[in-house]
Every structure is written in structure tokens, then in C-alpha cells.
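Residue numbers (our numbering), protein chains in the order written: chain U, 1 to 360; chain E, 1001 to 1169.
Idealized CB from N, CA, C, for every residue including glycine.
Source: prediction; values computed, not measured.
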Amino acid sequence: MAEMWINMGPQHPMTHGLWNLRVKVDGETIVDAEPEVGYLHRGIEKICEGLTYPQIIPIADRLCYGSSFTWSHLYCLTAEDLMDVEVPERAEYIRVMAIEMQRIASHLMWLAAYAGDLGLSVGFTNAMRDREVFIDLLQGLAGSRLTYNYPRIGGVAHDLPPNFERDALRTVRYMEQRLKEYEDLFDNSKIFMMRNVGIGILRKEDGIDLGVTGPSLRASGASYDLRKDMPYSVYPEIDFNVATHKDGDCYARYRVRMDEMWECCSIIRQALKKMPKGKWRVVAPRNAPASTGLGRVEDPRGEAVMYVVGDGSDKPYRLKIRSPIFVTLSAAPKILVGYKLADVVVIMGGLDMCLGENDR
Amino acid sequence: MSEGDERGSTGTNSIETAPSRIDADPGQRVLRALTEAFPETVSDGAQVKPRFIRARVDRSDLYSVCRSLKDHHGFEHLTMISAVEYDDGFEVVYHITSHQAGLLLELITSAPKTDPTVDSISSIWGGANWQERESYDLMGVVFRNHPKLERILLPKDVLYHPLRKDFRG
């Protein structure tokens, strides 16, 4: 049969954000694929060169609205590395707790979008509703709903609000009950399993070679997690497991994210328990030295890195952002080839695309 | 890192003054092996922090150094490629990870402004492919032997490289 190229995008029902996936099909089988990105390029790296260090925190939030806390936290880590600022321990615990809440919210949004892609409306509405619980919690902490602007260079903006610990524990307990329900809902759904098991297999060697990180790589059997391998913040003090799966298909990616949400609940509990009293912020210098700083965190989507070059002034000379999904997306042709056109939505949905951080 | 240190050679524990337990530390071991294998081109090896080392490499030997890092030293994951423009030329900074050793290497190479060309390493780590395209797109660094060096974030008909300092939007 004659081969032809099909453009899927730039307008999709399936992802939030614009991108174009060109797939070459032979009948229904995919023989080649080529993602085209850049529709959401806002030039954030260039914008940052004209802003002072504290002004960049809200911009970093806008990299990905689904997990904005991890990005502003990563930026603060990077700036602290450059300026050599020591963060108070209480602030570190508040950050870790909030990042894990953000990770659950991000994974739930992925789960909702994924269920929607597969036609499981119950999964969509339920996951979106439970995400809102964590959004509310973070709103109580930071004051705004999606872009928090809460971390600061040298700590966090303010202390926990009254009764936050009680609310957080209550939410975590609620979430653990709900997670059991999700597992029943999805793992017992015949349609869900038929469309996931054995679809979109990524071998471990290919994943490592192509720079895939995060849940997508851990689902291929590599237990790479920066929180364990190269710990930052107070993660060495916290006891948790790295969720992995050996199959490398779409079901494995779903499973890894579900297991991660269980771990997140446990991390939030431990962080609240171990959180010391004391200061939550130190004053950071206005100007950074002429040097370089590097920050790396485990984003909900993989390894997020920022590299900043200071020149002695109050503005960064250069800020480079590594988006995990940008590199993961370059591996998409490797995952897609050989499957049917109808599997594209499942495979690309399973990678948890976020175009805001992808295009920067 | 203090303010007066020169960029690229910061860190107190440089390789010459390293203590005698040099073999116990994976970072020092990699740095020593690199400077022994490429004495002409690898310089400024330094341990910045525990598990974070830094070295400079001349762009003529970039490909073979990276090949040896992957094949002999277990650096299986290319984390990030950043291009930075200074007054006297471009620097391309590679952050390369070895998950087994828990080690991060910052490899810096430079190219003059008149000829901003470095070798592509996308045949060593596939993850470099798009990141090199991004550096070409935004900063105008040309990667030799790249399989498809095209713009990726900006439209194909754009004539400028926006992250350069002389670019005025």
C-alpha cells in the first residue's frame, strides 16, 4: 500500500498545548514519525536575561502550569547554588512537602487527560476532582491556584498557614483511599487494559540512549531517580522507594505514576512529621558573583535542570533550562514506529506531554 | 565558589593537590583517566562538589573524549547541552551523568565567534540530537556531522539567533 504522511496537530483534542506530530503510515501501521514543536515558544530564556534574580521566580512558574511549583523551586535551587545561599531546614521541608503535593496534582492531571484520551469519562472527572483537592491545599499555602510564586531564593515566602498540617494529613488520607479506587477502576477496566498492555514499548537501552527520564524511563526498568541517585534538599532524610516497572509499555508508565503517588503521600507525611520549627527564609544577596550555578530536580516528567551564568550584576547573564519532556519527545519516533495509528493517542498521552515547558 | 574565582576553574580540590585517596573517589578517578588519555586537550579538571566534576576540553578532541566517557567511564546519560555567548567566543557546556557512579560531569568546550563550530555528539548519545538543534536554533552554534541540523523552536525562515547578545528583538 502507498505510504503517506498525516499531520496530527497543531490543534489536538488530546494535549493541552500546540504541537504537530507528523506520522508516516503504511495502511494503518506507523512507519515513521516526526514531532514538530515550537508553537508555544515564548523566549523565556531571553526574557530572563532582562530580569533581576527575584523577578524570574514567577516567570519560572509559567514554564508549566501543571507543575509550576517544581519549576520555581528548581530556579531557586539554581540561584542559591550560584549565590551560595544556605536555606533553613524548615524551608527545605516545606518545599519538599509542596513539591510532592504538586507531583500528585500533576500526575492526577495526567491521569485525567489520559483517561479522557481513552474514552473513560469517569476517570477524567474523578481525577480532575481529586486534583482540585491538592490545588486547594496549595492555594491555602501559597495564595494562588496554579502559579504559586511561593519559593524564594533563600527559603519560602512565608510560613505554613494555621491548621495546614491538619488539612494536609486529611487530604493525604483521602487521597490514599481514592488511589485504591483508581486502581480498581483502571486495572479492572477491560478497555483500558486492552489499549495499554503491550503498546508503545520502549526498551531500557533505547530510553537511556535517547535521554528519556522520569516515569517514562522508570517504566522501562531503569531505577533512575535524582531524589535517590543525587539527592538534593532534604530527600536523604526521607525514606521512600523508587517506583519502577519492567515492561516498558503504556501500562507500565501508568503503573509507575500510580505507585509514585503512593510514595508522594508517604513523603508528605514524613516531611510534615520531621519539619523543625524555626526560620523559613534567609536574605539572599541582590547581586550574584561572576560564576555558574546548576540545579537539578526530579520533575513529575523527568530530570529538570537549570544552568545559570552570573556576571556580578543583579541579572543573570544566561539561564539555560532543560525541559525533560523536550528530550523525551525526541524519542517519540522510536516508540511509535510499528504500532497502529489508533495507538498514537495512547502512546503520546502516556508520555505526559506539557508543551509550555517543552517550548519555553 | 567565591567571587574572585575564574570561570571554569573553580573549586578548591584541583586534581594536582588531591589527597592520596584519589582512587577511592570516582570523580577524581575519571578526571585523572581523562587527563592521562588526552593530555593535550583536557585541562582544568576540578572537583566542584562531591559527585560533581568539571573539565575543559579543546573542541578538536570533543568527540573522542565523549566517546571514551561513554564507553569506558559509564557516563550513559547526556543531561543537558547549553551554549553560552561570551565577549571572546562561545562556550558549549555539556552536563553528562553517570547514574551508576552517581556522578555529574560538566564538560566545557569553546569556539571562536568567527567559527562557532563544534562536533556533534548525537551519534554517541541520541538525546543530544534535539538539544544540539536547539542550541543551533537559538544561539547559532553549528554542530558538525549532525544528522539534521535544522531550526526546532523557531520557524524555518527566521534569519536570526535570538539568544545572541547582539540580537535586539
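Any beta carbon from chain E within less than 7 Å of residue i's own beta carbon?
{"i": "U/L210", "result": "yes"}
{"i": "U/S144", "result": "no"}
{"i": "U/H12", "result": "no"}
{"i": "U/L351", "result": "no"}
{"i": "U/M348", "result": "no"}
{"i": "U/H41", "result": "yes"}
{"i": "U/S330", "result": "yes"}
{"i": "U/G66", "result": "no"}
{"i": "U/M230", "result": "yes"}
{"i": "U/G200", "result": "no"}
{"i": "U/D32", "result": "no"}
{"i": "U/K246", "result": "no"}
{"i": "U/D359", "result": "yes"}
{"i": "U/Y224", "result": "yes"}
{"i": "U/K46", "result": "yes"}
{"i": "U/V327", "result": "yes"}
{"i": "U/R318", "result": "yes"}
{"i": "U/G50", "result": "no"}
{"i": "U/R90", "result": "no"}
{"i": "U/R227", "result": "no"}
{"i": "U/G119", "result": "no"}
{"i": "U/G38", "result": "yes"}
{"i": "U/R322", "result": "yes"}
Any beta carbon of chain U sitting closer than 7 Å to that of residue i?
{"i": "E/H1186", "result": "For residue 1186 of chain E there is no data in the structure shown, the boundaries of chain E being 1001 and 1169."}
{"i": "E/G1102", "result": "yes"}
{"i": "E/L1078", "result": "yes"}
{"i": "E/N1129", "result": "yes"}
{"i": "E/H1161", "result": "no"}
{"i": "E/H1146", "result": "no"}
{"i": "E/G1126", "result": "yes"}
{"i": "E/L1153", "result": "yes"}
{"i": "E/E1003", "result": "Legend: pLDDT at E/E1003 = 43, less than 50; position of this residue unreliable, value from coordinates given subsequently. Chain U contact via Cβ: present."}
{"i": "E/D1023", "result": "In this prediction, E/D1023 scores a pLDDT of 48, lower than 50, which makes its location untrustworthy; no coordinate-derived value is stated."}
Mind checking which residues open and close the alpha helix (DSSP H) that includes residue i?
{"i": "E/Q1047", "result": "Not the alpha helix (DSSP H): E/Q1047 falls in the beta strand (DSSP E), residues 1042-1049."}
{"i": "U/V308", "result": "Counting along the chain, U/V308 falls outside any alpha helix (DSSP H), though it belongs to the beta strand (DSSP E) covering 302-310."}
{"i": "U/T70", "result": "68-83"}
{"i": "U/H107", "result": "89-117"}
{"i": "U/S121", "result": "121-142"}
{"i": "U/Y251", "result": "250-274"}
{"i": "U/Y150", "result": "Note, U/Y150: premise wrong, no alpha helix (DSSP H); not H, not E."}
{"i": "U/I347", "result": "344-350"}
{"i": "U/S330", "result": "Note, U/S330: premise wrong, no alpha helix (DSSP H); not H, not E."}
{"i": "U/G200", "result": "Where U/G200 is concerned, there is no enclosing alpha helix (DSSP H), given that its DSSP letter is neither H nor E."}
What residue does the beta strand (DSSP E) around residue i start on, and which one ends it?
{"i": "U/N7", "result": "3-8"}
{"i": "E/V1084", "result": "1077-1086"}
{"i": "U/R318", "result": "316-322"}
{"i": "U/K24", "result": "20-26"}
{"i": "U/A33", "result": "29-36"}
{"i": "E/R1144", "result": "1142-1144"}
{"i": "E/E1134", "result": "Note, E/E1134: premise wrong, no beta strand (DSSP E); alpha helix (DSSP H) at 1128-1139."}
{"i": "U/E181", "result": "Not the beta strand (DSSP E): U/E181 falls in the alpha helix (DSSP H), residues 164-187."}
What residue from the options has the CA that sits closest to residue i's CA?
{"i": "U/V133", "options": "U/L108, U/G214, U/A243", "result": "U/L108"}
{"i": "U/T244", "options": "U/P236, U/A222, U/D229", "result": "U/A222"}
{"i": "U/G50", "options": "U/K315, U/L111, U/S121, U/K228", "result": "U/K315"}
{"i": "E/D1088", "options": "E/S1068, E/F1075, E/I1124, E/K1113", "result": "E/K1113"}
{"i": "U/V172", "options": "U/M348, U/E100, U/E357", "result": "U/E100"}
{"i": "U/E298", "options": "U/V344, U/K228, U/D311", "result": "U/K228"}
{"i": "U/D184", "options": "U/V283, U/V122, U/V344", "result": "U/V122"}
{"i": "E/S1110", "options": "E/V1092, E/H1146, E/G1074", "result": "E/V1092"}
{"i": "U/E34", "options": "U/M353, U/L336, U/D343, U/A2", "result": "U/L336"}
{"i": "E/Q1100", "options": "U/S68, U/I208, U/D81", "result": "U/I208"}
{"i": "U/E260", "options": "U/N241, U/P276, U/Q270", "result": "U/N241"}
{"i": "U/R178", "options": "U/R103, U/D61, U/M258, U/I30", "result": "U/M258"}
{"i": "U/Q102", "options": "U/G27, U/A168, U/K46, U/R152", "result": "U/A168"}
Could you round the C-beta distance between residue i and residue j to whole angstroms and report it? I think they count as a contact, below 8 Å.
{"i": "U/V197", "j": "U/Y251", "result": "5 Å"}
{"i": "E/R1051", "j": "E/G1102", "result": "5 Å"}
{"i": "U/V346", "j": "U/I199", "result": "6 Å"}
{"i": "U/I44", "j": "U/R322", "result": "Not quite, the Cβ-Cβ distance comes to about 13 Å (not below 8 Å), so this is no contact."}
{"i": "U/G278", "j": "U/E86", "result": "Incorrect: roughly 13 Å between the Cβ atoms, too far for contact."}
{"i": "E/S1120", "j": "E/R1144", "result": "6 Å"}
{"i": "E/T1097", "j": "E/H1072", "result": "That pair is no contact at about 16 Å."}
{"i": "U/A112", "j": "U/I135", "result": "So it is not a contact: roughly 12 Å between Cβ atoms."}
Q | Residues, ordered as in the chain, of the region 300-316 of chain U that lie near chain E by beta-carbon distance below 8 Å | A | E303, V305, Y307, V309, G312
Q: Name, going along the chain, the residues of the region 257-287 of chain U whose beta-carbon falls closer than 7 Å to a beta-carbon of chain E.
A: none
Q.
Give me the subset of the region 1082-1097 of chain E whose CB atoms are less than 7 Å from a CB atom of chain U, sorted by chain position.
A. Of all residues in the region 1082-1097 of chain E, only S1082, V1084, V1093, H1095 place a beta-carbon less than 7 Å from a beta-carbon of chain U.
(Q) Taking beta-carbon pairs under 8 Å, can you tell me which members of the region 1053-1065 of chain E lie near chain U? (A) For the region 1053-1065 of chain E, the set of residues with a beta-carbon nearer than 8 Å to any beta-carbon of chain U is empty.
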